[in-house]
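Heads up: the structure comes next, in structure tokens.
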Amino acid sequence: MSKLKKLSIPYLVWMSLLVILPTILIVLLSVTDLDIFTLGSFQFTLDSFAYLVHPEVKIAIVNSIRLSGVATLISFLIGYPVAYYLANMKSKNKTLIVSFIIIPVWSNMLLRIIAWEKLFYPNSILNMFGISLDLIGTDLAILIGMTSMYLPFMVLPIYSVLEKMDRSLIEASKDLGAGTIQTFFKVIFPLSLSGVVSGTIMTLLPSMTAFALPERLSGGKTLLIGNIIEDYFMKTGNINAGSLISILLMIVIIMMFIGLLRFDKEGETLI
Amino acid sequence: MMNILKIIGKFFQKRSLAFITIFAYGIIYLPIAVIAFLSFNESSKSYIFTAFSLKWYGEIFLDERLFEAIVNTIMVALISTLVATLVGTFTAIGINSLRKRNRAKMMILNNIPVINPDIVTGVSLMLVFGLLPISFGMSTMLLAHIFFSIPFVVLSVLPKLKELDLNLFDAALDLGCTKFQGIIKVIIPSIKTSILAGALIAFTMSIDDFVISYFTTGNGFQNVSIWIYSRIGRRSFNPAVYSYNTLVVFITIIILIVINKLGYNKKTKGMIR
Amino acid sequence: MKKILGIVSIIVIAIALSGCSSSKETLYVLNWGEYMDLDLVAEFEEEFKVRVVYEEVGSNEEMEVKIKTGTTKYDIAVPSDYMIDKLRQQGLLNTINFDLLTSLDEVSFITDVTDLYDGLGYEPYLVPYFWGTIGIMYNTDIVVQADLTGWDVLFDPDTTFEIGMYDSARDAVAAALLYKGYNINSNDTDELNEAALALQNAEFKSFGEDGLKQSVIQGNLAMALVYSGDYFDELYAYEEDELEVNFGYFVPETTNIWVDAFVIPTTSENVDLAHEFIDFFLREDIAEANADWVGYAPVIQEVFNTLTSDEYGYDYDNYDPYPDGANRVIYEFISNDRFELLNTILNGAKTQ
């Protein structure tokens, strides 16, 4: 068995180069005035931290947490019943129906965002059906968009846990006199928690850090933290402040991840 | 309290569950339906449907930049999936044979790209590639895609490897196989479905990626997502891209139905997991 | 399994190889969206037997970042006046060797254009390309002439119109400064604060870039701040398709005038070819065809005359960015701090 250990060494080198090195670089950029473009001499400075109290950054952080939190909650409230229904479905086309939930991922996400954007303007193809929406710039538009994009990632992990669940436990619970509801809350739901956790992570992370979705669906008016990072890196060239926000975001997300994954000792049930 | 439980109980009745499921599929599929609808629109104006037309399907091949972007997308997805699957599988075999402590450490490293926000991964890679003596373009985008795909292959293959009885491998060695032969003949065949599932995830991640590609490309090398992003609202936004997208979805559905009909139920289950 | 892998690898390698068959010289061009007739670029490729890699961006700042990151070694970029000054001050531009631009023997630039940046210190680094104004594009089904009183129409907090603002700090703040009656290059804290307040109090439906004009035409916006060319671009498209034109362009008395120009960044590894490229677009016939395609006002006097003659009929209102007696101000690069302040102001307006 130990004969195979060596196979993991190249990966260790590769990952060190592409994970640890840039992380060091980002940390360095965020606490110095190093100019990434010229890589000359640099001095330590906490100037970048001043950006953290910029109103736009504060608002973006609040927006990110609020919108991704609500979108994840909605996805859970819709996704759990869907996963439950699919898992208990008795159809010979069950796998096909379940697979259909993942197909949209093959469709380009930007295009799907644009499609929502087009529907949310008052003058749209929906006028053909006598409908006129005016949602651009509202939170609702962003929430619908996020739910539509990330719901499959909530459904699938929950489904796969429910699907594998040992039926005899449910029967045992019923035999012992528990009602359907009690069985659900005392047996099924606790056992499906690992799926809920994976689903939450898979929905929360991308929605929290999205930048094209809020940009399109808010008419450029709602900034999330991803918009700030993109702005600093690609538009204003403020790499040092952008790095600081990136590294903080990374730390927060890894902490959240570790917190949520207490159930999972080796971090292997991510997908 | 009982009342709430009753309401929840009602909620979990089959009919309301079915209703929610249909609603969920609806909200997921609506944008795709809109894209398909627009792909058949004779007018290039997206807010008005003038007449049914297939002309945008022909345009896919006439718009050079778009066609190039499509070819680039598929090429990057194929190569990165191939490399990531090979490397990921062997790496997973390696990780699996590590002692528990080291394995956990490796998994933390492995999971960083998975949980790291795309935008941070993209920026990180851009910074590192900027230090290397390579020019930005296909090579950097490819490296980036391989980078974010491998962890998914590892995650997909590892659980299956754990179930595997490695005594079989040792037996193969005893019978005179080399290590490499042992892996190819004993280990790989028994984790086939997981490898395939990992490859599928890698391919899907690559073909749909925008953020990481956006930060790691250069010198005019575009994939479909970048093509779209740089043309939103512009005249050069060719509705042919709707047709391309509709075709991709259509082909995926067909493949799925065929696989289902052929009865490879096991495999599709593996893919979903 | 092996077989499948084998086949896939062969296909992949075949595609990969076919992708890099050309070993021609390559010219990297960084330009704005819809700002050059790509058929003419193809003609250039044909004539000089080179490959042109053409990239589009939406703002001067994006252009600056792209040149600085060096992810692409651009040979040509087309930033605006103030950005050219900024790039020059950072040592990112090569001077232009005007001796190589032989087309200039045949044509001359409009003096109003060259006067704009004369004496500002960055003349040796640029060859002007197009010029224009910022103004208000409006939907004529919703807005009537009488509504268009000046910059105030964009900033009325009680407006009944759906208004779009350009997602560019400099232009948005400039419009607000003009509305308040100040100079667009003002660096006065009080004046900038007033502008910031005006932007925050205004009721903007959305912030956008190239998409604003479409929204105005669709009636999803009543009006929006745009560049002159945004309007003309749509106007020509509509005239060509013989569609009814339901939009107009309004330029208040005082506005910003800008000049976009070719520059050669120091990243260029092919400076001579870059000069050839610029020279190609200075040829009268090429410049004429290009101006006809792009729709902005050309900076070459001969081309401007031809286009506004009966033959082309580009004698529209506001086609000439700088009519006699008009009040026009060019942006100046003042400082990085001011630029960051403008961004903060715009982000503040977005998130209020």
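Residue numbers (my numbering), protein chains in the order written: chain C, 5 to 275; chain E, 91 to 363; chain S, -2 to 349.
Quick reminder that beta carbons are idealized off the backbone N, C-alpha and C, glycines included.
Please identify, using Cβ separations under 7 angstroms, the residues of the region 142 to 174 of chain S that lie next to chain C, in order along the chain.
ASP164
Taking the beta strand (DSSP E) that S:ASP257 falls in, what are its first and last residues?
Position 260 of the third sequence, counted from the first residue, corresponds to residue 257 of chain S. Counting along the chain, the beta strand (DSSP E) containing S:ASP257 begins and ends at 251 to 259.
The alpha helix (DSSP H) that contains E:THR181, what's its start and end?
For the purposes of this step, residue 181 of chain E is taken as residue 91 along the second sequence, with counting starting at 1. Looking at the DSSP string, the run of the alpha helix (DSSP H) that includes E:THR181 is 154 to 186.
Which residue marks the beginning of the alpha helix (DSSP H) containing S:PHE41, and which one marks its end?
Within the third sequence, residue 41 of chain S is the residue found at index 44, counting from 1. First-last of the alpha helix (DSSP H) with S:PHE41: 35 to 45.
Do the region 88 to 100 of chain S and the region 271 to 280 of chain S make contact, defined as three or more Cβ pairs closer than 8 angstroms?
yes
If distances are taken between C-alpha atoms only, which option among S:LEU24, S:TYR25, S:VAL49 comes closest to S:ASP36?
Within the third sequence, the letter at position 39 stands for residue 36 of chain S. Selected option, being the one with the closest Cα: S:VAL49.
Name the two residues that bound the continuous alpha helix (DSSP H) containing S:ALA172.
Position 175 of the third sequence holds residue 172 of chain S. S:ALA172 -> alpha helix (DSSP H) spans 166 to 176.
Report all residues from its chain with a CB closer than 6 angstroms to the CB of S:TRP29; omit the five preceding and five following residues, and keep chain order.
Counting from one through the third sequence, the residue named residue 29 of chain S turns up at place 32. Correct list: empty, nothing qualifies.
Of all the CB atoms in chain C, is at least one closer than 8 angstroms to the CB of S:ASN315?
In the third sequence, counting from the first residue as 1, residue 315 of chain S sits at position 318. So, not an interface residue.
What does the alpha-carbon distance come out to for the pair E:ILE118 and S:ALA346?
As a working note, residue 118 of chain E is residue 28 in the second sequence. As a working note, residue 346 of chain S is residue 349 in the third sequence. Looking at the two C-alpha atoms, the distance is approximately 33 angstroms.
Does the beta-carbon of S:ARG85 have 16 or more other beta-carbons within 10 angstroms, so that it is buried, or is it exposed?
The count along the third sequence starts at 1 and reaches residue 85 of chain S at position 88. It counts as buried.
Sequence-distant residues of the same chain with beta carbon closer than 6 angstroms to E:ALA384, five excluded per side:
This structure does not reach residue 384 of chain E, given that chain E is present from 91 up to 363, and the question cannot be answered.
Closest Cα partner of E:ILE224 within the set S:THR92, S:THR69, S:ASP78
Stepping through the second sequence from its first residue, residue 224 of chain E is reached at position 134. The option with the nearest alpha carbon to E:ILE224 is S:THR69.
Give me whichever residues DSSP pairs with C:PHE157 in a beta bridge.
Stepping through the first sequence from its first residue, residue 157 of chain C is reached at position 153. None; C:PHE157 has no bridge partner.
Give every residue of the same chain whose Cβ lies closer than 6 angstroms to the Cβ of S:LEU343, excluding the five residues on either side of it in the sequence, and list them in chain order.
Translated into the one-based positions of the third sequence, residue 343 of chain S becomes position 346. Closer than 6 angstroms at Cβ, skipping near neighbours: ALA166, ALA169.
Within chain C, partners of E:VAL56 - CB distance below 9 angstroms:
Because residue 56 of chain E is not part of the residues shown, which for chain E are 91 to 363, the question remains open.
Given this structure, state the Cα-to-Cα distance separating C:MET153 from C:LEU115, to the nearest angstrom.
Here residue 153 of chain C refers to the residue found at position 149 of the first sequence. Here residue 115 of chain C refers to the residue found at position 111 of the first sequence. About 11 angstroms.
Using the rule of at least 16 other Cβ atoms within 10 Å of the residue's Cβ for burial, across every protein chain shown, is E:PHE270 buried or exposed?
Taking the second sequence and counting its residues from 1, the one referred to as residue 270 of chain E is at position 180. Under this definition E:PHE270 is an exposed residue.
May I ask which residues mark the beginning and end of the alpha helix (DSSP H) holding C:GLY199?
Here residue 199 of chain C refers to the residue found at position 195 when the first sequence is read from its first residue. Counting along the chain, the alpha helix (DSSP H) containing C:GLY199 begins and ends at 197 to 213.
Output, in sequence order along the chain, the residues in the region 240 to 252 of chain C whose CB is closer than 7 angstroms to any CB in chain S.
THR240, GLY241
Report the residue ranges of all alpha helix (DSSP H) runs contained in full by the region 81 to 140 of chain C; include only those spanning at least 4 residues, in chain order.
98 to 104, 113 to 124
Terminal residues of the continuous alpha helix (DSSP H) containing S:ASN136?
Position 139 of the third sequence, counted from the first residue, corresponds to residue 136 of chain S. Not the alpha helix (DSSP H): S:ASN136 falls in the beta strand (DSSP E), residues 124 to 136.
Alpha carbon to alpha carbon, how far is E:PHE109 from S:TYR135? Give it in angstroms, no decimals.
Residue numbering aside, residue 135 of chain S sits at position 138 when the third sequence is read from its first letter. Residue numbering aside, residue 109 of chain E sits at position 19 when the second sequence is read from its first letter. Each residue's alpha carbon lies about 45 angstroms from the other.
Determine, using beta carbons only, whether E:SER315 comes closer than 8 angstroms to chain C.
Taking the first residue of the second sequence as 1, we reach residue 315 of chain E at position 225. With 8 angstroms as the cut-off, E:SER315 counts as an interface residue toward chain C.
Taking the runs of the beta strand (DSSP E) that are 3 residues or longer, which of them lie wholly in the region 182 to 257 of chain S?
201 to 205, 220 to 224, 244 to 247
Using three-state DSSP, classify S:ALA288 as helix, strand or coil.
Residue mapping note: residue 288 of chain S aligns to position 291 of the third sequence, counting from 1. In the structure shown, S:ALA288 sits in a helix (DSSP, three-state: H, G or I).
Do the CB positions of E:TYR137 and C:ILE129 come within less than 8 angstroms of each other?
Mapped onto the second sequence, residue 137 of chain E falls at position 47. Mapped onto the first sequence, residue 129 of chain C falls at position 125. Going by C-beta atoms, E:TYR137 is nearer than 8 angstroms to C:ILE129.
Partners in chain E for C:ALA119, counting only beta-carbon separations shorter than 7 angstroms
Looking up residue 119 of chain C in the first sequence gives position 115. The contacting residues are PRO121, VAL124, ILE125.
Whole-Å CB distance - S:VAL210 paired with S:VAL223, under 8 angstroms assumed
For the purposes of this step, residue 210 of chain S is identified with residue 213 of the third sequence, where counting begins at 1. For the purposes of this step, residue 223 of chain S is identified with residue 226 of the third sequence, where counting begins at 1. Correcting the residue type first, residue 210 of chain S is Lys in the shown sequence and not Val. Confirmed, Cβ separation roughly 6 angstroms.
With 8 angstroms as the C-beta to C-beta threshold (strictly closer), list the residues of the region 295 to 325 of chain E near chain S in chain order.
THR307, GLY308, ASN309, GLY310, SER320, ARG321, ILE322, GLY323, ARG324, ARG325
Could you tell me the distance, in whole angstroms, from the CA atom of E:ASP208 to the CA atom of E:ILE297?
To locate residue 208 of chain E, count along the second sequence from 1; it is residue 118. To locate residue 297 of chain E, count along the second sequence from 1; it is residue 207. Using only the alpha carbons, I get a separation of about 15 angstroms.
Mapping DSSP to helix, strand and coil, what is S:ASN148?
Here residue 148 of chain S is taken as the residue at index 151 of the third sequence, counted from 1. According to the sequence displayed, residue 148 of chain S carries Trp and not Asn. If DSSP states are grouped into helix, strand and coil, S:TRP148 belongs with coil.
Tell me the rounded alpha-carbon separation between E:LEU176 and C:TRP18.
Numbered from 1 along the second sequence, position 86 holds the residue referred to as residue 176 of chain E. Numbered from 1 along the first sequence, position 14 holds the residue referred to as residue 18 of chain C. Rounded to the nearest angstrom, the two C-alpha atoms are 15 angstroms apart.
Residues of chain S with CB under 7 angstroms from E:TYR147, in chain order?
Within the second sequence, residue 147 of chain E is the residue found at index 57, counting from 1. Those within 7 angstroms of E:TYR147 in chain S number zero; the least Cβ separation is about 22 angstroms.
Would you say E:ALA261 lies against chain C (beta-carbon separation less than 8 angstroms)?
Within the second sequence, the letter at position 171 stands for residue 261 of chain E. No, because no Cβ of chain C sits closer than 8 angstroms to the Cβ of E:ALA261.
Which first and last residues belong to the beta strand (DSSP E) in which S:THR23 is found?
Mapped onto the third sequence, residue 23 of chain S falls at position 26. Unbroken beta strand (DSSP E) run through S:THR23: 23 to 29.
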